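Colleague: Read in our numbering, the sequence shown has 362 at position 161, and its numbers run on one by one without any break. Yeah, the Cβ is synthetic: ideal placement off N, Cα and C, and Gly gets one too. Bear in mind that the values here come from a model prediction, so they are computed numbers and not experimental data. Would you mind keeping the following structure in view while I ask a few things?
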Amino acid sequence: MSQLLDNAIDQFSRLPGVGRKTAMRLVLHILRQDNQFVEDFTGTLQKMKREIKHCKVCHNISDTEVCPICANSRRDNTLVCVVENIQDVIAIENTQQYRGLYHVLGGIISPMDGIGPSDLEIESLVRRVAEGGIQEVIFALASTMEGDTTNFYISKRLQQYDVKLSVIARGISVGDELEYTDEVTLGRSILNRVPL
């Protein structure tokens, strides 16, 4: 096999969720395209890497210093939803149910992985709340021990400010059978029940 092809497959297989077979299909697809396609493809990737920014307010990805969500005057700037990463912003935005702002931490506290509070965008969140104007901080982190630890740590840091702290509801997914639901989720669902 061509060494150049093999090198390209190696590069693609470094992407998350892409094994060697998928990498080979992608590389062979690109190889069949015309030169303009390949130039546009690689140029777009290089431009993205070179020019993309992180919003100076919420740390979301953006083409500008302040992301379109933070810059949107129709958003509720008294609400801030704390998320782990940019994928979480995209997931929440896709629901079209939330009209507030975000704060992207860039991870969650995980001592086992060597990630502490200083590795995350927690201080900038505390500064945002301290500046005033924010009435509620919604925690939308994973319902794991690390997510709960991060929620607890940040809530302790924010308790001195006059701001409501809440966490997204956790419960049983639509279509799930009760017998297959873990006890923690089922227990939280019962405790956090809502009127019918």
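Judging by CA-CA distance, which residue of Ile309, Asn278 and Lys248 is the nearest neighbour of Glu332?
Modeller: Among Ile309, Asn278 and Lys248, the Cα nearest to that of Glu332 belongs to Asn278.
Colleague: How is the alpha helix (DSSP H) around Asn278 delimited, first residue to last?
Modeller: Unbroken run through Asn278 is the beta strand (DSSP E), Asp277 to Val284; no alpha helix (DSSP H).
Colleague: Quick one: give me the first and last residue of the beta strand (DSSP E) that Ile369 is part of.
Modeller: Where Ile369 is concerned, there is no enclosing beta strand (DSSP E), given that its DSSP letter is neither H nor E.
Colleague: Closest to Cys405 by CA distance: which of Gln234, Leu306 and His230 is it?
Modeller: As displayed, the chain neither begins before 202 nor continues past 397, which places residue 405 out of reach and without an answer.
Colleague: Assign Asn261 to buried or exposed, taking buried as 16 or more other Cβ atoms, counted over all protein chains shown, within 10 Å of its Cβ.
Modeller: So Asn261 ends up on the buried side.
Colleague: If Ile339 and Leu280 are in contact, beta carbons under 8 Å, what's the gap, nearest whole angstrom?
Modeller: Indeed they touch by this definition, with Cβ atoms about 7 Å apart.
Colleague: Hey, how far is the Cα of Pro269 from the Cα of Met202?
Modeller: Straight-line Cα distance between these residues: approximately 47 Å.
Colleague: Does the pairing of the stretch 316-331 with the stretch 344-361 give three or more beta-carbon distances under 8 Å?
Modeller: Result yes; three or more Cβ-Cβ pairs closer than 8 Å.
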